[in-house]
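Residue numbers (full-length UniProt numbering): 1 to 435.
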């Protein structure tokens with residue numbers, strides 16, 4: 001006789017004489033199936049998946065479900081044929097196992113079809129669950145899947161439907177004790193709860209991955225912004241250093257060319273000044289590009305060195321009247337450097353565009369800000385060779401950006417009577433904006 005799952009929990013017993021027991025209890029009793037099969041069933045409900053199997057499930061889930069359903073259908077049919085071979089039992093077995101193919105795409109219909117087949121089979125006396133474990137595994141997978149793949153409301157509908165169908169079929173069985181109701185309810189609820197737990201875990205993992213991607217994107221964006229800001233800073237510094245130094249060198253070498261024969265001593269003095277200017281610019285560039293740990297020549301640019309800057313400009317042919325009001329010591333380094341560069345760039349522009357024009361540079365340091373004003377009366381002798389047309393305006397943009405980074409502002413405009421004026425305000429304490 002074909003094997004039959006017994007009621008005593010001791011495993012498989014022979015013959016048809018045993019009384020029909022309640023539904024899924026026959027398939028779930030301890031020892032009713034080999035340990036390896038029970039372990040496989042538990043893993044099917046709870047395993048997260050890893051390695052090649054997990055990759056296959058993620059890549060072709062419906063194909064995998066169809067394959068699993070085909071295996072369960074074949075096993076169930078084979079177990080029925082090895083048992084009583086009744087056509088009704090065969091149809092019920094197929095109806096209970098085939099919905100596994102729908103468990104991801106349509107999880108709720110899969111539960112309704114499979115568990116309804118259980119109810120109908122018990123009503124017709126088709127004792128499918130006692131003839132093999134394939135239909136039992138299929139029912140477990142469908143109730144587990146509706147918990148994993150369906151929203152909470154539909155998952156609850158699937159659970160309630162499964163409980164109603166399994167409890168509604170108990171009266172058709174020989175055993176109708178309270179323990180039967182409790183046990184069938186427990187073994188129906190357990191895979192559903194496992195599925196909801198795994199769904200919640202997967203949702204948390206998905207959310208954490210999304211947050212991780214966002215944080216990584218934000219980190220990359222901040223790194224890119226930092227790189228761009230550093231490039232802009234280096235570009236501004238290089239422009240200020242080179243524009244000033246090259247302009248001074250070109251103007252002074254032009255003067256040397258004119259007086260070389262008539263006043264060789266003064267020409268040699270101006271050549272020495274050109275050498276010092278170029279050496280200082282080279283040292284600043286090496287420091288700026290990180291080639292030296294400290295500047296090779298003199299202190300860093302600062303408002304305290306405005307006197308030297310004014311002397312260089314006068315030597316280059318720009319009559320500068322420099323006025324400093326207030327103490328320039330102890331200023332924030334960023335403000336100190338920005339103010340110096342604004343004065344330097346403004347005077348360089350005068351030298352490039354209006355060499356010889358009377359120029360005034362005023363720096364006022366008070367309690368809340370450093371105010372810079374540089375203005376000239378008008379062009380005496382243009383020096384367009386020093387200022388290629390394609391570079392025009394870059395220095396003004398750089399000055400405005402320096403002021404902005406310090407929380408200040410800068411205005412640059414022609415004067416009504418001729419000449420040009422640059423005014424900047426750099427706050428010593430940055431205002432904090434409140435939204």
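Just so you know, even glycine gets a beta-carbon here, dropped at the ideal spot from N, CA and C.
Since the structure is predicted, the reported quantities are computational estimates derived from the model, not experimental observations.
In this structure, the beta-carbon distance from residue 134 to residue 79 falls below 8 Å.
Counting other Cβ atoms within 10 Å of its Cβ, residue 341 reaches 16 or more and is therefore classed as buried. The residues 101, in chain order, have a CB closer than 7 Å to that of residue 66 in the same chain once the five nearest residues on each side in sequence are set aside. If you keep only unbroken alpha helix (DSSP H) runs of at least 4 residues inside the stretch 85-173, you get 87-97, 107-124, 134-149, 152-169.
The count of Cβ pairs closer than 8 Å, one atom from the stretch 149-159 and one from the stretch 116-126, stays below three, leaving the stretches out of contact. Closest in alpha carbon position to residue 376, among 397, 58, 418, is 418. Distance between residue 373 and residue 204, taken at the CA atoms: about 59 Å. In the DSSP assignment, residue 61 falls within the unbroken alpha helix (DSSP H) covering 61-82.
The three-state secondary structure of residue 319, taken from DSSP, is coil. Beyond the five residues adjoining it in sequence on each side, residue 246 comes within less than 7 Å, by CB distance, of no other residue in the same chain. At least 8 Å separates the beta-carbon of residue 114 from that of residue 94.
When the Cα atoms are used, residue 117 and residue 96 turn out to be separated by approximately 6 Å. Take residue 71, set aside five residues on each side of it, and no residue of its chain has a beta-carbon closer than 7 Å to its own.
Secondary structure at residue 194: helix, using DSSP grouped into helix, strand and coil. Of the candidates 316, 364, 121, 316 places its Cα closest to the Cα of residue 347. Counted as a single uninterrupted DSSP element, the alpha helix (DSSP H) harbouring residue 339 occupies residues 333-353. Between the C-alpha atoms of residue 370 and residue 225 there is a straight-line separation of about 28 Å. Taking each of 228, 345, 312 in turn and checking the Cα distance to residue 269, the smallest one comes out for 312. Per DSSP, the continuous beta strand (DSSP E) segment holding residue 427 begins and ends at 420-427.
For residue 365, the enclosing beta strand (DSSP E) covers residues 359-365.
In the structure shown, residue 264 falls within a helical segment according to DSSP collapsed to helix, strand and coil. If you draw a 10 Å sphere on the C-beta of residue 336, you find 16 or more other C-beta atoms in it, and that means buried.
When DSSP states are grouped into helix, strand and coil, residue 409 belongs to the strand group. From the listed residues 408, 354, 367, 407, the smallest Cα separation to residue 421 is found for 354. Taking the Cα positions, residue 360 is about 20 Å away from residue 403. The beta carbon of residue 320 sits closer than 7 Å to the beta carbons of 310, 313, 314, 347, 359, 361 from its chain, once the five residues preceding and following it are set aside; these are given in chain order. Under the three-state reduction of DSSP, residue 328 is assigned to coil, being neither helix nor strand.
In the DSSP assignment, residue 369 falls within the beta strand (DSSP E) that extends over 369-376. With respect to residue 165, residue 143 sits apart: the two C-beta atoms are not nearer than 8 Å.
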